[in-house]
Amino acid sequence: MIVVKFGGTSMADAAAIRRAGEIVRSRLDRRPIVVVSAFAGVTNQLLHIGAQAVEGQLVPAMASVQALRDRHMTEARALLGDGPEATALVAELSSMIDELAALAEALSVLGHGTPRAMDKIAALGEQLSSLVAAAAFRQMGMAARHVDARDVMRTDDRFGKAEPQADEISDAARRVIAPMVRAGEVPVLGGFVGATAHRITTTLGRGGSDYSASLLGAALRVEAIEIWTDVDGMLTADPRVVRDARLITDIRFDEASELASFGAKVLHPSTIAPAVKLGIPVYVFNSRNPTGSGTRITFDAPRRAVTAIAGKKSVTVIKVRSARMLLQHGVLRHIFEVFERHRTSVDVVATSEVSVSVTIDDVSNLEALLNDLQPLGDVSVERNRGILALVGAGMSDDSQAMARALAALDGARVHMVSLSASGINLTLIVDGDQVDTGMQRLHAAFFGRQVAA
Ligand code: ADP
Ligand code: ASP
Ligand code: MG
Numbered sequence: 005m006i007v008v009k010f011g012g013t014s015m016a017d018a019a020a021i022r023r024a025g026e027i028v029r030s031r032l033d034r035r036p037i038v039v040v041s042a043f044a045g046v047t048n049q050l051l052h053i054g055a056q057a058v059e060g061q062l063v064p065a066m067a068s069v070q071a072l073r074d075r076h077m078t079e080a081r082a083l084l085g086d087g088p089e090a091t092a093l094v095a096e097l098s099s100m101i102d103e104l105a106a107l108a109e110a111l112s113v114l115g116h117g118t119p120r121a122m123d124k125i126a127a128l129g130e131q132l133s134s135l136v137a138a139a140a141f142r143q144m145g146m147a148a149r150h151v152d153a154r155d156v157m158r159t160d161d162r163f164g165k166a167e168p169q170a171d172e173i174s175d176a177a178r179r180v181i182a183p184m185v186r187a188g189e190v191p192v193l194g195g196f197v198g199a200t201a202h203r204i205t206t207t208l209g210r211g212g213s214d215y216s217a218s219l220l221g222a223a224l225r226v227e228a229i230e231i232w233t234d235v236d237g238m239l240t241a242d243p244r245v246v247r248d249a250r251l252i253t254d255i256r257f258d259e260a261s262e263l264a265s266f267g268a269k270v271l272h273p274s275t276i277a278p279a280v281k282l283g284i285p286v287y288v289f290n291s292r293n294p295t296g297s298g299t300r301i302t303f304d305a306p307r308r309a310v311t312a313i314a315g316k317k318s319v320t321v322i323k324v325r326s327a328r329m330l331l332q333h334g335v336l337r338h339i340f341e342v343f344e345r346h347r348t349s350v351d352v353v354a355t356s357e358v359s360v361s362v363t364i365d366d367v368s369n370l371e372a373l374l375n376d377l378q379p380l381g382d383v384s385v386e387r388n389r390g391i392l393a394l395v396g397a398g399m400s401d402d403s404q405a406m407a408r409a410l411a412a413l414d415g416a417r418v419h420m421v422s423l424s425a426s427g428i429n430l431t432l433i434v435d436g437d438q439v440d441t442g443m444q445r446l447h448a449a450f451f452g453r454q455v456a457a
């Protein structure tokens, strides 16, 4: 068994879905389970519809609902024609979109949207796309069978970023999905979506379809997890920022995980953990270039000083300073307990005898966090910072890496530097607006310019 996941751009329209179908067909002998994202852009549109409805802007919200309806109907018809399968599919999609319209109306009356209501709306993208994909693959002659992700992906009730419950997912996957595969069917389910024990719809957080794929792969102990996207694999930097970023054909789990955490959007940061536990290789492939080598993520890729560079904007730095910290034990514990209490994860940490600086991404609990940190010292906040991360398993063998990185940044202000003890990443905190140029300069310094063939 393998898991084959198609991202939004690989599900953009009928032609893309057919390409995905051909990729699935080429893997039938490996008994694929398919996970799909919403059609490209749909999750953003859904969340926008929810926000507009809450603000009472029902007319534009309904216009967007109509646009979503038209798009799904058009692509469904293009894939299935107008036989009985098409009619049944169109009716099912239509009733789901009716439900969206009803939800938008309800939100506009209430003038208030709970995270739970927003998840119900956001989940629709994958619920629609997975029905379309399953029907399209059947039309292409495969024994595809739609699975409602809510029957398998059990989560807690942290709406918007729900925590998957691995044991329940394993049980459900073995009960629901494994028998289909054994019977020669190809299960197709939406990523990103889950449900609580009471079957209330949840989502795993933005970009979470990759995570769904790896959770399912781990649950079923598959041989490989394939992430199909719109670039040739994991690259040495974000190709939207660094035009000559290069393909990394082999990368280690820990490197891929760090890159994802520090901004390489090609993988959701949680994707690696379930796979690494069981040593399941993860591949990243381009659905527009299916014969490309892609990237293979495993334990045994070569150790390089710098494998790739990632970057992230909109990072917030929090500093806690206190003379009392001097030689006191337990201070760090108190500080980190505050972050734990407010469920805010910390990316980079730097300490001195009298101060602790940390960076966070998620500022949704910032006010409460700052309140609780106040008693521990003088607290200051710096917004609009960015992180640049150089990632390489062999970084600690290269005594020059840090000096080269700082030289490459050529005088740009560096607010914090942290080299992890495992020596796998060097993170530099810079001004947010310096992230792109910083990434370009670091890339040029460590990878040179690629000579056009
Ligand atoms: P999908 O819809 O397939 O999930 P995403 O947009 O989530 O696709 O992720 C793919 C995008 O990630 C690429 O188009 C690319 O712009 C971006 N990206 C950022 N960093 C990297 C990197 N190091 N390697 C490859 N892609 C990257
Ligand atoms: N559709 C979801 C999102 O846009 C999940 C995903 O594509 O991975 O965030
Ligand atoms: Mg993605």
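Per my numbering, the sequence shown starts with residue 5, numbered consecutively.
Just so you know, even glycine gets a beta-carbon here, dropped at the ideal spot from N, CA and C.
Residues sharing a beta bridge with ALA312, DSSP: BP columns for ALA312 point to VAL395.
Sequence-distant residues of its chain with Cβ nearer than 6 Å to SER14 (five each side left out): Around SER14: ALA20, ALA24, TRP232 and SER291.
Pairwise C-alpha distance: MET443 and ASP437: Straight-line measurement puts the Cα of MET443 at about 11 Å from the Cα of ASP437.
Bridge partners - LEU208, DSSP secondary structure assignment: LEU208 pairs with nothing; no bridge assigned.
Contacts around ALA309, its chain only, beta-carbon distance under 7 Å, and the 5 residues preceding and following it disregarded: Answer for ALA309: GLY396, GLY398, MET399, ASP401, ASP402 and ALA405, listed in chain order.
Helix, strand or coil at ALA268 according to DSSP, with G and I counted as helix: Coil at ALA268, not helix or strand.
Close Cβ partners of ALA177 (< 8 Å) along its chain, the five nearest in sequence each way excluded: So the qualifying residues of the chain are VAL156, LEU220, ALA223 and LEU224.
Endpoints, the beta strand (DSSP E) within which ARG149 is located: Element bounds for ARG149: 148-151.
Nearest neighbour of ALA182, chosen from THR207, ASP214, ARG149 and LYS165 [CA to CA]: Closest option to ALA182, Cα to Cα, is ARG149.
Residue closest to THR441, alpha-carbon to alpha-carbon, out of ALA412, TYR287, PHE451 and ASN375: Looking at the Cα atoms, ALA412 is the closest of the given residues.
Cα-Cα separation between GLN169 and ILE204, rounded to whole angstroms: Roughly 14 Å separates the two Cα atoms.
Beta-carbon gap between VAL69 and ILE101 smaller than 8 Å: Yes, Cβ-Cβ distance for VAL69 and ILE101 is below 8 Å.
DSSP state of GLY194 mapped onto helix, strand, coil: Note: GLY194 maps to strand in three-state DSSP.
Residues that THR320 bridges to, as DSSP identifies them: Beta-bridge pairing by DSSP links THR320 to ILE364.
Cα-Cα separation, GLY334 to ASP366: Whole-angstrom Cα-Cα distance: 25 Å.
Closest residue to ALA407 among LEU446, GLY60 and VAL113 (Cα-Cα distance): For the residues LEU446, GLY60 and VAL113, the minimum Cα distance to ALA407 belongs to LEU446.
Secondary structure, alpha helix (DSSP H): runs of 4+ residues fully inside the segment 126-187: Taking only runs of at least 4 residues, the alpha helix (DSSP H) segments lying wholly in the segment 126-187 are 128-143, 170-176 and 182-186.
Any non-hydrogen atom of ligand 1 within 7 Å of VAL8 CB: The beta carbon of VAL8 sits no closer than 7 Å to any heavy atom of ligand 1.
Member of THR431, ASP376, LEU208 and GLY415 whose CA lies at the smallest distance from the CA of GLY194: Nearest of THR431, ASP376, LEU208 and GLY415 to GLY194, Cα basis: LEU208.
CA-to-CA distance, ASP376 to ARG337, given in whole angstroms: Going by C-alpha positions, ARG337 is about 13 Å away from ASP376.
GLY212 CB to nearest heavy atom of ligand 2 below 7 Å: Inclusion of GLY212 in the 7 Å shell around ligand 2 follows from its C-beta lying nearer than that to a non-hydrogen atom of the ligand.
Buried/exposed call for GLN378, threshold 16 Cβ in 10 Å: By the neighbour-count rule (16 or more Cβ atoms within 10 Å), GLN378 is not buried but exposed.
Residue ranges of each alpha helix (DSSP H) within the segment 23-80, 4 or longer: Taking only runs of at least 4 residues, the alpha helix (DSSP H) segments lying wholly in the segment 23-80 are 46-58.
Closest by C-alpha distance to LEU4, when choosing among ALA108, VAL38 and THR200: Outside the shown range of the chain, which is 5 to 457, sits residue 4, and nothing can be said about it.
LEU392 vs LEU423 beta-carbon contact at 8 Å: No.
Close beta carbons around ARG154, own chain, < 7 Å, minus the five adjacent residues each side: Non-local beta-carbon contacts of ARG154 in its own chain, meaning distances under 7 Å to residues more than five positions away in sequence, involve VAL197, GLY198, ALA199, ARG203 and THR205 in chain order.
Buried or exposed (CB count within 10 angstroms, at least 16 for buried), THR91: Flag for THR91 reads exposed.
Backbone secondary structure at GLY452 - three-state DSSP: Looking at GLY452 - three-state DSSP - the assignment turns out to be coil, as it is neither helix nor strand.
Three-state secondary structure assigned by DSSP to ARG387: Residue state, collapsed to three classes: strand.
Limits of the beta strand (DSSP E) - the one that THR299 falls within: Residues 299-302.
Three-state secondary structure (DSSP) of ALA279: It is helical.
Distance cut-off 7 Å: PHE141 Cβ against heavy atoms of ligand 2: Distances taken from the Cβ of PHE141 to the heavy atoms of ligand 2 include none shorter than 7 Å.
Minimum C-alpha distance to PHE93 - residue among SER134, VAL58, GLY164 and LEU114: It is Leu, not Phe, that sits at residue 93 in the sequence shown. The option with the nearest alpha carbon to LEU93 is SER134.
Best match in VAL136, SER368, MET144 and ALA105 for proximity to SER30 [C-alpha to C-alpha]: Nearest option by C-alpha distance: MET144.
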